[in-house]
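Worksheet: one structure, shown below.
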Amino acid sequence: MKPMFRVFSFTVLTSTLLFSSCVKDLYDPEVIAEKNPDAEIPVGFKFTTTKNVNLTVNVNDEYNGANFYMVEVYNQNPLASNNNLKLLTAGVATGRAPYVEDVVVSQSDSVLYIKQIDPLQREVVMIVDVTSATTAICDFSTNSITTKSTSSSVVNTRAIPASADRASDYKLPAGSTTLGAGAVTLAANKSYYLPEGVTNNQITFPGGQNKIELYVAGSTTFSGQFPLTDGCKIVVLPKGKVTADSDLNWYGQNIVVAIHEGGTLNLNASNSKIGVNTLVINDGTLNAKNIEMGWNNPKIVNNGTLNSQDVEVTNGAGIQNNNLFNVRKLTGNSTTKLENNGEIKATEVSLTNKFVIDNNHHMEIAYLNFGGGGGTLNNNCFTVCDDLYTEQGTINSASGSLLACKDFWGNNSTITLKGNAIFSIGDVADYNLPTSTAVANGAVFNYHVEINGAKESNLEPLFYIKSGTVGPTSNFSEHLSIVGSIEAAIAPSYDSRLLYKTTGNVKLTKSPQTAIAETSCNGSGATEDPGTGTPTNPSFPIKVETGNEYTFAMEDNWPALGDYDMNDFVFTIDKISYSKGNNNKLATFSFEITPVAAGASYRLALGVQFDKIASGSLSLVSSTSSIGTKENGQEKANLILFPDVYSTFGVSSPGITNTDPSKTKYASKSYKFEVAFNNSVSESDINISNLNFYLIIGQNNDINRKEVHLAGYKPTSKVKSDPLDYTDYNNMVWGLLIPTADFKYPIEAVKIQDAYPNFLNWAKSGGSNNASWYLSPQSGKVYNK
2 MKPMFRVFSF TVLTSTLLFS SCVKDLYDPE VIAEKNPDAE IPVGFKFTTT KNVNLTVNVN
62 DEYNGANFYM VEVYNQNPLA SNNNLKLLTA GVATGRAPYV EDVVVSQSDS VLYIKQIDPL
122 QREVVMIVDV TSATTAICDF STNSITTKST SSSVVNTRAI PASADRASDY KLPAGSTTLG
182 AGAVTLAANK SYYLPEGVTN NQITFPGGQN KIELYVAGST TFSGQFPLTD GCKIVVLPKG
242 KVTADSDLNW YGQNIVVAIH EGGTLNLNAS NSKIGVNTLV INDGTLNAKN IEMGWNNPKI
302 VNNGTLNSQD VEVTNGAGIQ NNNLFNVRKL TGNSTTKLEN NGEIKATEVS LTNKFVIDNN
362 HHMEIAYLNF GGGGGTLNNN CFTVCDDLYT EQGTINSASG SLLACKDFWG NNSTITLKGN
422 AIFSIGDVAD YNLPTSTAVA NGAVFNYHVE INGAKESNLE PLFYIKSGTV GPTSNFSEHL
482 SIVGSIEAAI APSYDSRLLY KTTGNVKLTK SPQTAIAETS CNGSGATEDP GTGTPTNPSF
542 PIKVETGNEY TFAMEDNWPA LGDYDMNDFV FTIDKISYSK GNNNKLATFS FEITPVAAGA
602 SYRLALGVQF DKIASGSLSL VSSTSSIGTK ENGQEKANLI LFPDVYSTFG VSSPGITNTD
662 PSKTKYASKS YKFEVAFNNS VSESDINISN LNFYLIIGQN NDINRKEVHL AGYKPTSKVK
722 SDPLDYTDYN NMVWGLLIPT ADFKYPIEAV KIQDAYPNFL NWAKSGGSNN ASWYLSPQSG
782 KVYNK
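Letter by letter, the sequence shown follows residues 2 to 786 of the numbering used here.
And the structure:
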């Protein structure tokens, strides 16, 4: 029985093992490494830096199998720029035949980007989490990608709420005192009437007098202070006009100011204060210079036209707009609320603290500013602005609504889109808005902006950046998260660092794939990308040129550790490509190998065994300089790639080659190999996990040659002795596969655990920790010449 852990010494080995690979390159299966309890390697750990994910991709087949969809799998977002993008695999699919393939990724990779290209050449990308997965499903078919228009799910006509206060409810009471043109001081607990056609600018509201009611059908101007106390009323009747030229001081409780349809109230003072449960109802016209609402729950209900330069809403105040509200600057904070059931046209709206806007119809704003502290916009219909700036803001957009801006800047903010809501950034010229220069051109997601999509009634929202520059402008890492069920169409170029997190059924596109029908709440809706207009199939066989690249670092001393510098032979493999038919089976396969270093002193040859392919099913089509040969007498297909690895460096005999920085560096070149298959071969059969590369040490003979393979791989049928899985008693290995072509291998006689400080932690954890250890070499201990 094997112990739970095998152990090996990284420091003190028996004298038998002290010879470096450049001194002692002998095969001795009787050599056993001594135990070292300080370095425990879990039994069964094969030092693998990659993992296989069995991927199934269900396409959104709108052609009932008549046309093929291309499927491409990437390590990063293929729609973004400035990234280390690699195509991992590709093929075709229909609704009847999903794309199924084993994808090899690095252990540190957490997501795959799956691109679907439909027969109209439209591209959609979805993201699959493979952090701890061995199987993954990417399902485009369950998402609402369709060329058919979807209608809005909201009512697209406006109606004033039945519960709204009306100025017409305040009628002239019988027995009111009729006023003429003469001076008068109004008394408490009395009702007065200024008839139509009468102008009186000498009416005085005395301070401290309660329950005075003034009904105006004529015209009056208050030139001095205009105080209203508890229970006072001013009712502007049809054709009536009231003007206040000095500051208001409406500090009493339960004050009512009502403007009937056809009536006008002008507040010309620089500071018109409304507070303490004051109710202003406008069915006519209310013109103001500066309204300040505060002091315990004052309210304005506008059923007519409200024009104001500045409005400040604080301390529980509220505005209900049911018709037309024109304002230069509206500022709200401290648990206040604006309910819009009509139209708001504003130069600036600023929401701070806990100011809430419930927008049930139209808002057109030059600059919409969430200044911090938790302002909220509940957008149930149409909100369009030139500039949108949000710091700690919350926006909730209902199904069928539109939130649009030309320029955007966001930080620590959340925008939730439901149903087929639209949030667009870019050109807003169709809406004839006043312009703003508060936000720079484009869309900036500074830090922790989340776009959250929620499907309703099988409708998905659309996040659409139409134009302008896009990207972060800071060094933060958490720029934009797109989560839930949503299509994110980003037309301009953007940096790969932009998207911090994408979870759920997020679809990334360059242009909308879903049409949303026009309503009064969503402007012109959304038009789907028509693509090429005519569906077509790929030309078969398709040529797939992957970006997969790897480094193999090998020791040749099996089963002795030697110097364990993993540089006896180092080579890269890249430019892996193949041709596929419409059944995703391979016709040809090619790759390039570049020798990098050889730090051994014995003759070395390089071979590869195709573990899933019988010898008779493969033929070598070509190799650079005809260096490769297919090896006969093997059960599985084998190629001898380099019969003498030193000759690839132009070196005539074995010796230290490109491992000692004090010595001459020898150039090499890349060698291309192409093979063809006689039988049905899948891509999974020839992915890097099933390419069994090996070294032949010394003479290549058919009797019992010495081969060194990666751990877990079997030797060819020309090896007769048991290689013990190419691990020793301490579970050490003699070859590493690194998922990059930029691996910096140790210099001569420097152990790999010394060149890479995280290597030992990775090995002891069984690969769970420090999965990217090979990206952090120790300076001065790796070859950089």
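By construction, the Cβ of each residue, glycine as well, lies at the ideal position given by its N, Cα and C atoms.
Self-check item: Secondary structure of Glu102, DSSP reduced to three states
Solution: If you number the sequence shown from 1, residue 102 lands on position 101. Three-state DSSP puts Glu102 in a strand.
Practice problem: Would you be able to state if there are at least three C-beta pairs under 8 Å between the segment 579-593 and the segment 555-563? | Solution: no
Quiz item: Helix, strand or coil: which one does DSSP assign to Gly617?
Solution: Position 616 of the sequence shown, counted from the start, is the residue given in the question as residue 617. DSSP places Gly617 in helix when its eight states are reduced to three.
Quiz item: Are three or more beta carbon pairs between the segment 479-487 and the segment 499-508 nearer than 8 Å?
Solution: yes
Exercise. Using the DSSP secondary-structure output, state which residues sit across from Met71 in a beta bridge.
Key: As a first step, residue 71 is located in the sequence shown; it is residue number 70 there, counting from the start. Looking at the DSSP assignment, Met71 forms a beta bridge with Val93, Ile118.
Self-check item: Proximity below 8 Å, CB of Ile358 to CB of Asn379
Solution: For the purposes of this step, residue 358 is identified with residue 357 of the sequence shown, where counting begins at 1. For the purposes of this step, residue 379 is identified with residue 378 of the sequence shown, where counting begins at 1. Taking a C-beta distance under 8 Å as the contact criterion, Ile358 and Asn379 qualify as a contact pair.
Exercise. Please check the pair Val105 and Ser690, which I expect to be a contact at CB under 8 Å, by giving their CB distance rounded to whole angstroms.
Key: For the purposes of this step, residue 105 is taken as the residue at position 104 of the sequence shown. For the purposes of this step, residue 690 is taken as the residue at position 689 of the sequence shown. That belief holds up - the Cβ atoms of Val105 and Ser690 are roughly 6 Å apart, short of 8 Å.
Quiz item: Are the CB atoms of Pro536 and Leu121 nearer to each other than 8 Å?
Solution: In the sequence shown, residue 536 corresponds to position 535, counting from 1. In the sequence shown, residue 121 corresponds to position 120, counting from 1. Yes; because the gap between Cβ atoms is below 8 Å, this pair is in contact.
Quiz prompt | For Val646, three-class secondary structure by DSSP | solution = Here residue 646 refers to the residue found at position 645 when the sequence shown is read from its first residue. Correct three-state label for Val646: helix.
Quiz item: When the Cβ atoms of the segment 296-305 are set against those of the segment 323-336, are three or more pairs found closer than 8 Å?
Solution: yes
Quiz prompt | Per DSSP, cross-strand counterpart(s) of Ala175 | solution = Position 174 of the sequence shown, counted from the first residue, corresponds to residue 175. Beta-bridge pairing links Ala175 to no other residue.
Quiz prompt | Distance between Asn342 and Val237 (C-alpha atoms, nearest Å) | solution = Translated into the one-based positions of the sequence shown, residue 237 becomes position 236. Translated into the one-based positions of the sequence shown, residue 342 becomes position 341. Going by the C-alpha atoms only, they are around 23 Å apart.
Quiz prompt | Closest residue to Glu41 among Lys752, Gly276, Met733, Ala756 (Cα-Cα distance) | solution = One-based indexing of the sequence shown puts residue 41 at position 40. Closest by alpha carbon: Met733.
Self-check item: Cys1 - partner residues in DSSP beta bridges
Solution: Summary: the structure shown does not reach residue 1, with the chain confined to residues 2 through 786, and so no result is reported for it.
Practice problem: Buried or exposed for Ile345, please, with buried defined as at least 16 other CB atoms from any protein chain shown within 10 angstroms of its CB. | Solution: Looking up residue 345 in the sequence shown gives position 344. With 16 or more other Cβ atoms inside 10 Å of its own Cβ, Ile345 counts as buried.
Quiz item: Who does Cys139 pair with in a DSSP beta bridge?
Solution: For the purposes of this step, residue 139 is taken as residue 138 along the sequence shown, with counting starting at 1. For Cys139, which the question treats as bridged, DSSP gives the partners Val58.
Quiz item: So the beta strand (DSSP E) Ala490 belongs to, where does it begin and stop?
Solution: Here residue 490 refers to the residue found at position 489 of the sequence shown. Segment 481-491, the beta strand (DSSP E) holding Ala490.
Quiz item: Near Pro644, which residues of its chain fall below 6 Å by C-beta distance, leaving aside the five closest residues on each side in sequence?
Solution: Residue numbering aside, residue 644 sits at position 643 when the sequence shown is read from its first letter. Same-chain partners within the cutoff: Ala606.
Quiz item: In chain order, what residues of the same chain lie with their CB nearer than 7 Å to the CB of Thr814, ignoring the 5 residues before and after it?
Solution: The chain is shown from 2 up to 786; residue 814 falls before or after that span and cannot be answered.
Exercise. Over the uninterrupted beta strand (DSSP E) stretch that includes Leu339, give me the two end residues.
Key: The count along the sequence shown starts at 1 and reaches residue 339 at position 338. Segment 338-341, the beta strand (DSSP E) holding Leu339.
Exercise. Please list, in chain order, all residues of the same chain as Asn693 whose beta carbon is under 7 Å from its beta carbon, the five residues on each side excluded.
Key: Counting from 1 along the sequence shown, the entry for residue 693 is found at position 692. Closer than 7 Å at the Cβ level, and outside the excluded window around Asn693, lie Val609, Gln610, Asp612, His710, Tyr714.
Quiz prompt | Separation of Asp387 from Leu509, as counted between CA atoms | solution = If you number the sequence shown from 1, residue 509 lands on position 508. If you number the sequence shown from 1, residue 387 lands on position 386. In a straight line, the C-alpha of Leu509 is about 25 Å away from that of Asp387.
Exercise. Quickly, what does DSSP pair Pro596 with across the bridge? List them, please.
Key: Position 595 of the sequence shown holds residue 596. BP columns for Pro596 point to Phe572.
Exercise. State the Cα-Cα distance for the pair Lys721 and Tyr114, rounded to the nearest angstrom.
Key: Position 720 of the sequence shown holds residue 721. Position 113 of the sequence shown holds residue 114. Counting only the Cα atoms, Tyr114 lies some 44 Å from Lys721.
Practice problem: Please state whether DSSP places Tyr775 in a helix, a strand or coil. | Solution: Position 774 of the sequence shown holds residue 775. Correct three-state label for Tyr775: helix.
Quiz item: Between Asn770 and Thr533, what straight-line distance do the alpha-carbon atoms span, to the nearest angstrom?
Solution: Residue 770 sits at position 769 when you count from the first residue of the sequence shown. Residue 533 sits at position 532 when you count from the first residue of the sequence shown. Spanning the alpha carbons of Asn770 and Thr533 requires a straight line of approximately 48 Å.
Self-check item: Candidates Asp575, Ser525, Gly526, Asp530, of which the one nearest Pro513 by Cα
Solution: Within the sequence shown, numbered from 1, the residue matching residue 513 stands at position 512. It is Asp530.
Self-check item: Integer-rounded CB distance, given that Gly285 should sit under 8 Å from Val314
Solution: Your numbering for residue 314 matches position 313 in the sequence shown. Your numbering for residue 285 matches position 284 in the sequence shown. Actually they do not touch by this definition, with Cβ atoms about 21 Å apart.
Exercise. Just grab the DSSP bridge partners of Asp359 for me.
Key: Mapped onto the sequence shown, residue 359 falls at position 358. Asp359 is bridged to Glu340, Asn379.
Quiz item: How about Thr573: is its Cβ closer than 7 Å to a heavy atom in the ligand SAH?
Solution: Among the components modelled here there is no ligand, and therefore nothing to report on the ligand SAH.
Exercise. State yes or no: is the C-beta of Thr658 within less than 8 Å of the C-beta of Phe650?
Key: Walking along the sequence shown from the start, residue 658 turns up at place 657. Walking along the sequence shown from the start, residue 650 turns up at place 649. Yes. Within cutoff.
Practice problem: Whole angstroms is fine: what's the gap from Ile33's alpha carbon to Leu621's? | Solution: Translated into positions along the sequence shown, residue 33 becomes position 32. Translated into positions along the sequence shown, residue 621 becomes position 620. The pLDDT assigned to Ile33 is 45, lower than 50, so where the model puts this residue is not dependable, and the model offers no usable value.
Quiz item: Roughly how many angstroms lie between the CA atoms of His261 and Gly317, to the nearest whole one?
Solution: Looking up residue 261 in the sequence shown gives position 260. Looking up residue 317 in the sequence shown gives position 316. Straight-line Cα distance between these residues: approximately 26 Å.
Quiz item: Which residues in the same chain have their Cβ closer than 7 Å to the Cβ of Thr336, if we skip the five residues on either side of it in sequence?
Solution: To locate residue 336, count along the sequence shown from 1; it is residue 335. Close CB contacts of Thr336 within its chain, under the 7 Å cut and outside five residues either way in sequence, are with Gly317, Lys355 (chain order).
Quiz item: Looking at Ile614 and Asp686, is the spacing between their C-beta atoms short of 8 Å?
Solution: The sequence position of residue 686 within the sequence shown is 685, counting from 1. The sequence position of residue 614 within the sequence shown is 613, counting from 1. For Asp686 and Ile614, yes; Cβs fall inside 8 Å.
Self-check item: Under 8 Å between C-beta atoms of Phe141 and Asn61
Solution: As a working note, residue 141 is residue 140 in the sequence shown. As a working note, residue 61 is residue 60 in the sequence shown. Cβ atoms of Phe141 and Asn61: closer than 8 Å.
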